[in-house]
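**Student:** Note that the protein sequences, when read in sequence, are chains Z and L. Using UniProt numbering, the first residue of the first sequence is number 1, and each one after it goes up by one. Using UniProt numbering, the first residue of the second sequence is number 1, and each one after it goes up by one. Backbone N, C-alpha and C define an ideal beta-carbon position, used for all residues, glycine too. From a predicted model like this one, the values you see are computed outputs, not experimental measurements.
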Amino acid sequence: MFEPLIGGFATAFSLTNLMAAGAGVLLGTLAGVLPGLGIAGTVAVLLPLTYSLDPLTALILISGVFFGSQYGGSTTSILVNIPGEATSVVTAIDGHAMAQKGKAGKALGIAAIGSFVAGTMGIVALSFSAPTIARAALAFGPPEYFAVAVLGLVILASTFSKSPMRSLLMIIVGMMIGTIGLDPVLGASRFTMEFRVLDKGIDFVVMLMGVFGLAEIFAEIGRANERRESSSFAFRDLYPNRKELAQSAGPIVRGGVIGFLMGLIPGPSAIIATFASYAVEKRVSRTPDEFGKGALAGVAGPESANNSAMYAQMVPLISLGIPFSASMALLLSGFVIHGLTPGPLLMVTNPDIFWGLIASLYIGNVMLLIINLPLVGVFASVLRVRFSILLPLVTIVMFAGAYSINNSLFDLAVLLVFGIVGFFFRQAGLDLTALVLGAFLGPMIESSLTQALSMSNGSFAIFFTRPISGTILLVAIGLLVIALGLAARRWRTNEKPGI
Amino acid sequence: MKRAVNLVILLFCTLYLMLALALPMGTPARPGIGFMPILLGVGGVVLAGWSLGNSMLEAPEGTHFSGWHAVAPPLVYLTLLALYVPAMSLVGFMFSSMAVLTGLLLTAGLRNPLAVGGLAIGFSVVLQFVFATLLGVPLP
Numbered sequence: 001m002f003e004p005l006i007g008g009f010a011t012a013f014s015l016t017n018l019m020a021a022g023a024g025v026l027l028g029t030l031a032g033v034l035p036g037l038g039i040a041g042t043v044a045v046l047l048p049l050t051y052s053l054d055p056l057t058a059l060i061l062i063s064g065v066f067f068g069s070q071y072g073g074s075t076t077s078i079l080v081n082i083p084g085e086a087t088s089v090v091t092a093i094d095g096h097a098m099a100q101k102g103k104a105g106k107a108l109g110i111a112a113i114g115s116f117v118a119g120t121m122g123i124v125a126l127s128f129s130a131p132t133i134a135r136a137a138l139a140f141g142p143p144e145y146f147a148v149a150v151l152g153l154v155i156l157a158s159t160f161s162k163s164p165m166r167s168l169l170m171i172i173v174g175m176m177i178g179t180i181g182l183d184p185v186l187g188a189s190r191f192t193m194e195f196r197v198l199d200k201g202i203d204f205v206v207m208l209m210g211v212f213g214l215a216e217i218f219a220e221i222g223r224a225n226e227r228r229e230s231s232s233f234a235f236r237d238l239y240p241n242r243k244e245l246a247q248s249a250g251p252i253v254r255g256g257v258i259g260f261l262m263g264l265i266p267g268p269s270a271i272i273a274t275f276a277s278y279a280v281e282k283r284v285s286r287t288p289d290e291f292g293k294g295a296l297a298g299v300a301g302p303e304s305a306n307n308s309a310m311y312a313q314m315v316p317l318i319s320l321g322i323p324f325s326a327s328m329a330l331l332l333s334g335f336v337i338h339g340l341t342p343g344p345l346l347m348v349t350n351p352d353i354f355w356g357l358i359a360s361l362y363i364g365n366v367m368l369l370i371i372n373l374p375l376v377g378v379f380a381s382v383l384r385v386r387f388s389i390l391l392p393l394v395t396i397v398m399f400a401g402a403y404s405i406n407n408s409l410f411d412l413a414v415l416l417v418f419g420i421v422g423f424f425f426r427q428a429g430l431d432l433t434a435l436v437l438g439a440f441l442g443p444m445i446e447s448s449l450t451q452a453l454s455m456s457n458g459s460f461a462i463f464f465t466r467p468i469s470g471t472i473l474l475v476a477i478g479l480l481v482i483a484l485g486l487a488a489r490r491w492r493t494n495e496k497p498g499i
Numbered sequence: 001m002k003r004a005v006n007l008v009i010l011l012f013c014t015l016y017l018m019l020a021l022a023l024p025m026g027t028p029a030r031p032g033i034g035f036m037p038i039l040l041g042v043g044g045v046v047l048a049g050w051s052l053g054n055s056m057l058e059a060p061e062g063t064h065f066s067g068w069h070a071v072a073p074p075l076v077y078l079t080l081l082a083l084y085v086p087a088m089s090l091v092g093f094m095f096s097s098m099a100v101l102t103g104l105l106l107t108a109g110l111r112n113p114l115a116v117g118g119l120a121i122g123f124s125v126v127l128q129f130v131f132a133t134l135l136g137v138p139l140p
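This is the structure in structure tokens:
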């Protein structure tokens, strides 16, 4: 493993790639700092701009955005008590309490160090696990891919969802959207209403830009004039002393492990990992009463967990080619628009990309620490930019970006429609991640289902007689039954939310 | 809101199923192009119907209407963006962006005419340069 990884470092250590990593981390931190922009929205805007870049450089830039945003989210949580990202909600509890006690610098410093250490743990685990899983996945056929994709969607609907049935509905609606255009197996046109422009289907990136980016802007525009008050801190306060580092070591390591393990689960697992880490720290702490009032472990644990989880989410994407979160679906789009297919064959056909990307994660993680910590004051000052200026500018960039994907005005109409859909679905409390992943995984599920049925001459038994797909599907069915049973019990006892 | 959204989803799923039924389903051994859509359509209608029924059983939502001053900005914003697409094909990206950006900035609450004009013109020119000249995108 070490030889190809060293080769990856040689590829990643070009000036262009280093600049891409730095730019990605900076842009990601900015996206994380500004509440409302979101990682998905930022990457969606950025994707079309990477067309002219080399594939590896583009992927390094996009990956940098993901990891930068995790750190940026904590800055607003601590200083302003507004989580820039959902993964920073827990950090706001003790981080902002520390800021109110005049320890904002310490909280920011520990968040950065925790993110770095746990991030490194996550990358090391990713470096070992992704190639191993990819090698095993070389033996996968259509039934196994069908089973893995179904399991991912079932876990998404059953594990974290407030209402498994509504998440299933969102997955199905997403899959319906994914069937618009040419059928993936026979190449015949479906649901296009005679519009030739729909033959190639709904562009996934444009859909994401609408659902996550434009919908967010619609939601924020009514309060674009609100001002945000930020806590102040001195630069020297950013560096924790030896005692504080010792206090944080345990929470950081535990957060890293919890984050990685939970990050492997499909869905918004990075968010759940932060809550799990917070709960664990409170339980093992000798002073649990301090939690909520500015406990250092309450910042160190969750911040470490969210970074580590982000790397774990890359494991199924890189090794199997299947994204299990909206962010990873975007990263997959980054692969696709540059003519690459992530999955087990990537390691064989494009080892330079595979190992270069993994090596660049190490580099990006170091950059995150050395660039962002000194610049934290600058990022905090970005919060003073009024949303009444920022949101219209981002909207216009989004439209220009969406147009540039296919040079199509039709895509702008699609963007607008999905902006409206995303806005109303969110207001109704529906699961947008399920919608997006349904649309993305739908064509893959359809083609693997069709191919598997053709292989077995129409017998559905093929999914259960092959050991890997059979086991995976039984797990999926079991999980779904348990989730629906639990939800039905909640519904019967009139506990919200329902099924 | 929840009920209205659920109703729209049910209508969408019903329309989808009707269109899917017109496609050849094939057989399990040789699935046609309608095989998967029909399965999805049936599942969608059942789940959407259940979801709508469930939302009807839930306690009625309070009216969140807090006056036109709260609803107007997103509506005006949306209208401007809806006009942006045809405007782009009529007068080109740069001039349509200048006009729409002016409207968006005013809607978002920026009141300084100099700032609005400067940002609208300056930002549109910069975007035209970045996308058309640097990235080679053939903007309308």
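Ignore the nearest five residues each way along the sequence and tell me which others in L/M98's own chain have a CB closer than 8 Å to its CB.
**Tutor:** Position 98 of the second sequence, counted from the first residue, corresponds to residue 98 of chain L. Cβ neighbours of L/M98 beyond the five flanking positions: A120, I121 and S124.
**Student:** If we call anything under 9 Å between Cβ atoms a contact, is Z/V284 one with Z/R242?
**Tutor:** As a working note, residue 284 of chain Z is residue 284 in the first sequence. As a working note, residue 242 of chain Z is residue 242 in the first sequence. No, they are not a contact pair.
**Student:** With DSSP as the reference, label Z/R196 as helix, strand or coil.
**Tutor:** The residue you call residue 196 of chain Z lines up with position 196 of the first sequence. The answer is helix: DSSP assigns Z/R196 an H, G or I state.
**Student:** Which same chain residues end up closer than 6 Å to Z/E144 when comparing Cβ atoms and leaving out the 5 residues on each side of it in sequence?
**Tutor:** Walking along the first sequence from the start, residue 144 of chain Z turns up at place 144. The answer, listed in chain order, is I468 and S469.
**Student:** From the beta carbon of Z/D183, is the nearest beta carbon of chain L less than 9 Å away?
**Tutor:** Position 183 of the first sequence, counted from the start, is the residue given in the question as residue 183 of chain Z. At least one chain L Cβ lies under 9 Å of Z/D183.
**Student:** Give the straight-line distance between the Cα atoms of Z/G213 and L/S96, rounded to the nearest whole angstrom.
**Tutor:** Within the first sequence, the letter at position 213 stands for residue 213 of chain Z. Within the second sequence, the letter at position 96 stands for residue 96 of chain L. If you take the alpha carbons of Z/G213 and L/S96, they lie about 21 Å apart.
**Student:** So L/G34 packs on L/L23, CB below 8 Å; how close in whole Å?
**Tutor:** Within the second sequence, numbered from 1, the residue matching residue 34 of chain L stands at position 34. Within the second sequence, numbered from 1, the residue matching residue 23 of chain L stands at position 23. About 3 Å; that satisfies the 8 Å criterion.
**Student:** Return yes when the Cβ of Z/L331 is within less than 9 Å of the Cβ of Z/I60, no when it is not.
**Tutor:** The sequence position of residue 60 of chain Z within the first sequence is 60, counting from 1. The sequence position of residue 331 of chain Z within the first sequence is 331, counting from 1. Result no, Cβ atoms of Z/I60 and Z/L331 do not sit closer than 9 Å.
**Student:** Going straight from the alpha carbon of Z/M19 to that of Z/T42, what length do you get?
**Tutor:** Along the first sequence, read from residue 1 onward, the residue named residue 19 of chain Z stands at position 19. Along the first sequence, read from residue 1 onward, the residue named residue 42 of chain Z stands at position 42. For Z/M19 and Z/T42, the distance between alpha carbons rounds to 18 Å.
**Student:** For the pair the stretch 402-410 of chain Z and the stretch 484-493 of chain Z, tell me if three or more CB-CB distances fall below 8 Å.
**Tutor:** Because the criterion of three Cβ pairs below 8 Å is not met, the stretch 402-410 of chain Z and the stretch 484-493 of chain Z do not touch.
**Student:** Looking at the strands, I want to know which residues DSSP matches up with Z/R190.
**Tutor:** As a working mapping, residue 190 of chain Z is identified with position 190 in the first sequence. In the DSSP output, where bridge partners are listed per residue, Z/R190 has Z/G181.
**Student:** Verify the CB distance criterion: does L/F12 have a CB-CB separation below 9 Å to chain Z?
**Tutor:** For the purposes of this step, residue 12 of chain L is identified with residue 12 of the second sequence, where counting begins at 1. Yes, contact with chain Z.
**Student:** Please classify L/F131: is it buried, with 16 or more other beta-carbons within 10 angstroms of its beta-carbon, or exposed?
**Tutor:** Counting from one through the second sequence, the residue named residue 131 of chain L turns up at place 131. That one is buried.
**Student:** Taking the alpha carbon of L/T107 as the point to measure from, which residue in L/S89, L/K2, L/Y77 and L/L17 has its own alpha carbon closest?
**Tutor:** As a first step, residue 107 of chain L is located in the second sequence; it is residue number 107 there, counting from the start. Among L/S89, L/K2, L/Y77 and L/L17, the Cα nearest to that of L/T107 is on L/Y77.
**Student:** Tell me which same chain residues have a C-beta within less than 6 Å of the C-beta of Z/L168, skipping the five on either side of it?
**Tutor:** Translated into positions along the first sequence, residue 168 of chain Z becomes position 168. Cβ neighbours of Z/L168 beyond the five flanking positions: A157.
**Student:** Quick one: does L/L21 have its CB under 9 Å from some CB of chain Z?
**Tutor:** Start at 1 with the first residue of the second sequence, and residue 21 of chain L comes out as number 21. Judged by the 9 Å Cβ criterion, L/L21 is not in contact with chain Z.
**Student:** For a contact defined as C-beta to C-beta under 9 Å, what are the partners of Z/L168 on chain L?
**Tutor:** The residue you call residue 168 of chain Z lines up with position 168 of the first sequence. Per Cβ cutoff of 9 Å: G43 and L47.
**Student:** Within the same chain, show all residues whose beta-carbon is closer than 6 Å to that of Z/I358, passing over the 5 residues directly before and after it, in chain order.
**Tutor:** Numbered from its first residue, the first sequence carries residue 358 of chain Z at position 358. So the qualifying residues of the chain are G8 and S127.
**Student:** I'd like to confirm the pairing. Which residues does DSSP put opposite L/P31 in its beta bridges?
**Tutor:** What you label residue 31 of chain L is simply residue 31 of the second sequence in a count that begins at 1. According to DSSP, which records beta bridges pairwise, L/P31 is partnered with L/G26.
**Student:** Could you have a look at Z/K106 and say whether DSSP puts it in helix, strand or coil?
**Tutor:** Residue 106 of chain Z sits at position 106 when you count from the first residue of the first sequence. Helix.
**Student:** Rounded to whole angstroms, what's the CA-CA distance from Z/V414 to L/G136? Just pull it up for me.
**Tutor:** Position 414 of the first sequence, counted from the first residue, corresponds to residue 414 of chain Z. Position 136 of the second sequence, counted from the first residue, corresponds to residue 136 of chain L. If you take the alpha carbons of Z/V414 and L/G136, they lie about 23 Å apart.
**Student:** Could you list which residues in chain L have their beta carbon closer than 9 Å to that of Z/Y403, in chain order?
**Tutor:** Locating residue 403 of chain Z in the first sequence gives position 403, where the first residue counts as 1. Going along chain L in sequence order, the residues near Z/Y403 (Cβ under 9 Å) are M88, F93, F131, V137, L139 and P140.
**Student:** When DSSP labels each residue in this structure, what does Z/L418 get in the three-state scheme?
**Tutor:** Position 418 of the first sequence, counting from 1, holds the residue named residue 418 of chain Z. The sequence given here has Phe at residue 418 of chain Z, not Leu. Z/F418: helix per DSSP, three-state reduction.
**Student:** Taking its Cβ as the centre, do 16 or more other Cβ atoms sit within 10 Å of Z/F387, making it buried, or is it exposed?
**Tutor:** The residue labelled residue 387 of chain Z in the question sits at position 387 within the first sequence. Z/F387 should be labelled buried.
**Student:** Output the residue ranges of the alpha helix (DSSP H) runs that lie fully inside the stretch 314-357 of chain Z and measure 4 residues or longer, sorted by chain position.
**Tutor:** The qualifying runs are 314-320, 326-337 and 346-349.
**Student:** Taking contact to mean 3 or more Cβ pairs, one atom from each stretch, closer than 8 Å, check whether the stretch 60-80 of chain Z and the stretch 272-279 of chain Z are in contact.
**Tutor:** In short, these stretches do not touch, since the Cβ pair count stays below three.
**Student:** Who are the neighbours of L/E1 on chain Z, taking C-beta pairs under 7 Å?
**Tutor:** To locate residue 1 of chain L, count along the second sequence from 1; it is residue 1. In the sequence on display, residue 1 of chain L carries Met and not Glu. What L/M1 touches in chain Z: Q427 and A428.
**Student:** Would you please state the rounded distance, in angstroms, between the beta carbons of Z/F463 and Z/F140? I believe it to be under 8 Å.
**Tutor:** Within the first sequence, the letter at position 463 stands for residue 463 of chain Z. Within the first sequence, the letter at position 140 stands for residue 140 of chain Z. Not confirmed; about 13 Å, so no contact.
**Student:** Listing by chain order, which chain L residues have their CB less than 9 Å from the CB of Z/S52?
**Tutor:** By 1-based counting over the first sequence, the position of residue 52 of chain Z is 52. Residues of chain L passing the Cβ test: L134, L135 and G136.
**Student:** Can you tell me whether Z/M165 is buried or exposed? The criterion is at least 16 other CB atoms within 10 Å of its CB, across all chains shown.
**Tutor:** The residue you call residue 165 of chain Z lines up with position 165 of the first sequence. Result: buried.
**Student:** Report the neighbours of Z/I172 on chain L: residues whose CB is nearer than 7 Å to its CB, in chain order.
**Tutor:** Numbered from its first residue, the first sequence carries residue 172 of chain Z at position 172. Those within 7 Å of Z/I172 in chain L are L40, G43, G44 and L47.
**Student:** Between the alpha carbons of Z/G109 and Z/A249, how many angstroms are there, rounded?
**Tutor:** If you number the first sequence from 1, residue 109 of chain Z lands on position 109. If you number the first sequence from 1, residue 249 of chain Z lands on position 249. Z/G109 and Z/A249: Cα-Cα distance of roughly 13 Å.
**Student:** With 9 Å set as the bound, which would you pick, yes or no: does the beta-carbon of Z/R466 sit closer than that to a beta-carbon of chain L?
**Tutor:** Taking the first residue of the first sequence as position 1, residue 466 of chain Z is located at position 466. Judged by the 9 Å Cβ criterion, Z/R466 is not in contact with chain L.
**Student:** Which residues bound the alpha helix (DSSP H) around Z/I445?
**Tutor:** Position 445 of the first sequence holds residue 445 of chain Z. Residues L432 to M455.
**Student:** Can you grab the Cα-Cα spacing for the pair Z/I202 / Z/M175, in whole Å?
**Tutor:** Numbered from 1 along the first sequence, position 202 holds the residue referred to as residue 202 of chain Z. Numbered from 1 along the first sequence, position 175 holds the residue referred to as residue 175 of chain Z. Each residue's Cα considered, the two are about 11 Å apart.
**Student:** Give, in chain order, every unbroken run of the alpha helix (DSSP H) that is at least 4 residues long and sits entirely within the UniProt domain "DUF1468" (4-140) of chain L.
**Tutor:** With a minimum length of 4 residues, the continuous alpha helix (DSSP H) runs that stay inside the UniProt domain "DUF1468" (4-140) of chain L are 35-57, 68-91, 93-108 and 113-128.
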